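Quick mapping for you: the protein sequence lines, in order, are chains A and B.
All letters in the first sequence, in the order written, are residues 63 to 365 by this note's numbering.
All letters in the second sequence, in the order written, are residues 2 to 275 by this note's numbering.
C-beta: ideal position from N, C-alpha, C; glycine also.
All of these numbers come straight from a predicted model, not from anything done at the bench.
Below is one structure; the comments refer to it alone.
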Amino acid sequence: MTIINSAGVGTDLGMSLTPPDAAVDQFGVAPDRKRRRRLAWSRVLGPVLVFVVFVAVWHWMHTDGMRTLFNRPGFLIPAPETVINDSFVEPRARAALFNGIKWTAYIALIGLAITIVVGMILAIIMAQARAVENSIYPYLVAIQAIPILAIVPVIYSMFGGGLIPRILVCVLISIFPIVTNTLFGLQSADRGQHDLFTLRGANRFTRLVKLQLPAAMPNIFTGFRISAGLSVIGAVVGEQFFRAGSKPGIGIVLESYRQKGIYPQVFGCLILAAGLGIIVFLLFGLLSKVVVGHWHESGRSTR
Amino acid sequence: MTETSTAATSPATSTATSRTASSGAHGTSPQPPALRFVDVSMVFPDGTHALSETTFDVRPGEFVTVVGPSGCGKSTLLRIASGLNDATTGSVEVDRSSLGYVFQDATLLQWRTVQRNVELLAELEGVPRRERARRAGDAIDLVGLRGAERQYPKQLSGGMKMRASLARSLVLEPSVFLFDEPFGAVDEITRERLNDEVISLFQRKGFAGLFITHSITEAVFLSTRVLVMSARPGHIVGDYRVPFDYPRAPELRFEPAFAELCGEVSHALRGAHS
Ligand SMILES: Nc1ncnc2c1ncn2[C@@H]1O[C@H](COP(=O)(O)OP(=O)(O)OP(=O)(O)O)[C@@H](O)[C@H]1O
Ligand SMILES: [Mg+2]
Chain A
63 MTIINSAGVG TDLGMSLTPP DAAVDQFGVA PDRKRRRRLA WSRVLGPVLV
113 FVVFVAVWHW MHTDGMRTLF NRPGFLIPAP ETVINDSFVE PRARAALFNG
163 IKWTAYIALI GLAITIVVGM ILAIIMAQAR AVENSIYPYL VAIQAIPILA
213 IVPVIYSMFG GGLIPRILVC VLISIFPIVT NTLFGLQSAD RGQHDLFTLR
263 GANRFTRLVK LQLPAAMPNI FTGFRISAGL SVIGAVVGEQ FFRAGSKPGI
313 GIVLESYRQK GIYPQVFGCL ILAAGLGIIV FLLFGLLSKV VVGHWHESGR
363 STR
Chain B
2 MTETSTAATS PATSTATSRT ASSGAHGTSP QPPALRFVDV SMVFPDGTHA
52 LSETTFDVRP GEFVTVVGPS GCGKSTLLRI ASGLNDATTG SVEVDRSSLG
102 YVFQDATLLQ WRTVQRNVEL LAELEGVPRR ERARRAGDAI DLVGLRGAER
152 QYPKQLSGGM KMRASLARSL VLEPSVFLFD EPFGAVDEIT RERLNDEVIS
202 LFQRKGFAGL FITHSITEAV FLSTRVLVMS ARPGHIVGDY RVPFDYPRAP
252 ELRFEPAFAE LCGEVSHALR GAHS
């Protein structure tokens, strides 16, 4: 089970990529040749085909789509080759873009690290008693539901501008899935397994370390993966509100190109931001497979 | 708090040898019971009356099976014996420090290999790493899982999982062994094979056994004594001594005396249902 978050933010991120597990369990018993063919299909052919269609539609939007569908000029969606050329080949733009994504990635990573630590601690505390869970849960939902815009003045009055409020916004946006997934996982060990520990008089700590946390690992990694994607979004949102002039993230770089009406680089920024999200998502999927894949049902078979 | 736990004194192994040698004649044994229920009643908080004034002993070297209609309180009986639940009234006497308990489901930890699953209870008891690895190895040999030590539960068949679960309980060398319908979910042939193994464990380890099952054949084949429980609220309505010598050959199941005893138990059980 995957819990994304109450407000539905990040649902896109959870679904837009096949979860790394999903492609695997279909061909558990297929004969070798068939398996290889399916592997080729799921890993290479399918993605390539969709990519080609995607680029073609994009190109068509530039040449005809914008005009015929929306009666707007085509330059608002520059052609793919223009975007690549102006953003990643032209040296000055490339430097600005990569500098931007570097800062965004930096904030997202620090934010994610804090999110993981704080989120897991929160979940472990909440798992200790229903009363604690019920007391804390409403605030988590509230954090999820409140528009960040509304608490920006509060954060500003405490920290001013700079990196810290940006990290804070990133944490606020990405913490919910870690907490809920970890909590769900901690509560997923079945009664029989708990009985086993009870019979041997195990204390809370032993139970947590030897039973609940290992049982929760698949869910924890699901939480990591979703939160990782949200942390990138959080970093971009944060830099919109708290601009630190010398450290412009990808969102700020994008905004400045948009104000100047230079659309190819705007799309270049989008590509980089999406790329960052995809990389962290895949990274955590891989990590999850390495750590729990050998025993978890949905993991790759060890054969 | 009405429960008392007293230590079962005599070493289990010696009692087993004397038991198998004399084969039968329960009640003449001079030792105190390994497990004793005295007027145990259980009413759950929701009002379900599961057990009513249940009284019986399991003596060292005895293997007692309990058959009874579904929902009559058999699992509850074992949960009370093990201390997982407290009886509403009545008392249980048993040495809980050397209690083995095999659940209906294998309840293996999915993230642990067979070896590490079998080590679990010893690990929780603080047995040093090397010692528990050795004991787990022995237990794995005993249940015939050699070669599967490094597999994960998802790679095991139902029968292999139950073997692993059995091995896990063996590691602590229990003197009282509770089984809650352990073989309900495996096929007939596997069940018969596992029955043979339980018997050979019983002979070798000499624990006092309390075994729940739905299968009359299994009950008679395994035990020195069969108890029949009534429908809820459960209590003992039949008590049959099983006279056959150990080791018991699989063919025993087709002998007239065996069939006759099964018939008697079955008759009592039918009475218990109504
Ligand atoms: N925690 C509980 N709270 C309330 N009622 C319970 C609880 N546990 C068991 N019961 C009820 O007590 C009765 C006896 O349950 P128990 O599990 O001991 O039956 P059983 O004889 O083992 O049945 P089966 O042969 O189906 O395993 C059942 O009616 C059951 O619904
Ligand atoms: Mg039961």
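Whether residue i touches residue j by CB criterion (9 Å)
i: B/V68; j: B/A250; result: no
i: B/F203; j: B/Y247; result: yes
i: B/V227; j: B/T66; result: yes
i: B/R37; j: B/V128; result: no
i: A/G300; j: A/I229; result: yes
i: B/M163; j: B/F184; result: yes
i: A/S236; j: A/P280; result: no
i: B/A165; j: B/P154; result: yes
i: A/A290; j: A/L245; result: no
i: B/A35; j: B/S176; result: yes
i: A/I295; j: A/I240; result: no
i: B/V144; j: B/E193; result: no
i: B/A168; j: B/V95; result: no
Beta bridge counterpart(s) of residue i as assigned by DSSP
i: B/S42; result: B/T90
i: B/A209; result: B/V177
i: A/L159; result: The partner list for A/L159 (beta bridge, DSSP) is empty, contrary to what the question assumes.
i: A/V180; result: Answer by DSSP bridge pairing: none, since A/V180 is not bridged.
i: B/D47; result: Answer by DSSP bridge pairing: none, since B/D47 is not bridged.
i: B/Y102; result: B/L179
i: B/T66; result: B/F212 and B/V227
i: B/Y241; result: B/V227
i: B/G235; result: B/L52
Chain B contact residues for residue i, given Cβ-Cβ distances below 8 Å
i: A/A264; result: L125
i: A/M279; result: W112
Neighbour list for residue i in chain B, Cβ cutoff strictly below 9 Å
i: A/G254; result: F104, Q105, D106, A107 and T108
i: A/D257; result: R80, S83, L85, Y102, F104 and T108
i: A/P276; result: L110, Q111, W112 and R113
i: A/T244; result: In chain order: nothing, as chain B lies at least about 16 Å away.
Contact set between residue i and chain A, taken where Cβ atoms lie within less than 7 Å
i: B/Q116; result: Those do not exist, as B/Q116 stays about 13 Å from chain A at its closest Cβ, beyond 7 Å.
i: B/L122; result: R262
Through-space distance from residue j to residue i, alpha-carbon basis
i: A/F89; j: A/G247; result: Here the model assigns A/F89 a pLDDT of 36, short of 50, so the residue's position is not dependable and the matter cannot be decided.
i: B/Q278; j: B/F178; result: In the structure displayed, chain B extends from 2 to 275; residue 278 of chain B sits before or after that span and is not available.
i: A/K272; j: A/T166; result: 37 Å
i: B/R151; j: B/G101; result: 24 Å
i: B/T55; j: B/R135; result: 40 Å
i: B/A123; j: B/A137; result: 9 Å
i: B/V39; j: B/H50; result: 17 Å
i: B/E252; j: B/P61; result: 27 Å
i: B/E189; j: B/L262; result: 20 Å
i: A/A170; j: A/T125; result: 36 Å
i: B/I237; j: B/A82; result: 16 Å
i: B/A260; j: B/F245; result: 12 Å
i: B/W112; j: A/A175; result: 25 Å
i: A/A92; j: A/A102; result: At A/A92 the pLDDT is 45, less than 50, meaning the model places this residue with poor confidence; the figure from the coordinates comes in the next sentence. Cα to Cα, A/A92 sits roughly 14 Å from A/A102.
i: B/R133; j: B/A232; result: 42 Å
i: B/D235; j: A/G355; result: Looking at the sequence shown, residue 235 of chain B is not Asp but Gly. Distance between the alpha carbons of B/G235 and A/G355 is about 45 Å.
i: A/P227; j: A/R305; result: 10 Å
i: A/T144; j: A/L345; result: 30 Å
i: A/I324; j: A/L211; result: 27 Å
i: A/L111; j: A/R105; result: 11 Å
i: A/F137; j: A/S318; result: 17 Å
i: A/Y168; j: A/R266; result: 37 Å
i: B/A273; j: B/V229; result: 8 Å
i: A/P135; j: A/G127; result: 9 Å
Interface residues of chain A facing residue i [CB-CB closer than 8 Å]
i: B/L179; result: Correct list: empty, because the minimum Cβ distance to chain A is about 10 Å.
Contact set between residue i and chain B, taken where Cβ atoms lie within less than 7 Å
i: A/W357; result: Q111, W112, Y153 and K155
i: A/T260; result: L85
Short CB-CB distance (under 9 Å) between residue i and chain E
i: B/L36; result: Reference to chain E is not applicable here, since the protein chains of this structure are A and B.
**Message:** If we require 4 or more residues per run, which alpha helix (DSSP H) segments fall completely within the stretch 146-201 of chain B?
**Reply:** 159-171
**Message:** At 4 residues or longer, what runs of the alpha helix (DSSP H) sit wholly inside the stretch 289-351 of chain A?
**Reply:** Listed in chain order, the complete alpha helix (DSSP H) runs (minimum 4 residues) inside the stretch 289-351 of chain A are 312-321.
**Request:** Counting only runs of 3+ residues fully inside the stretch 238-290 of chain A, write out the beta strand (DSSP E) ranges in chain order.
**Result:** Counting whole runs of 3 or more residues, the stretch 238-290 of chain A contains no beta strand (DSSP E) stretch at all.
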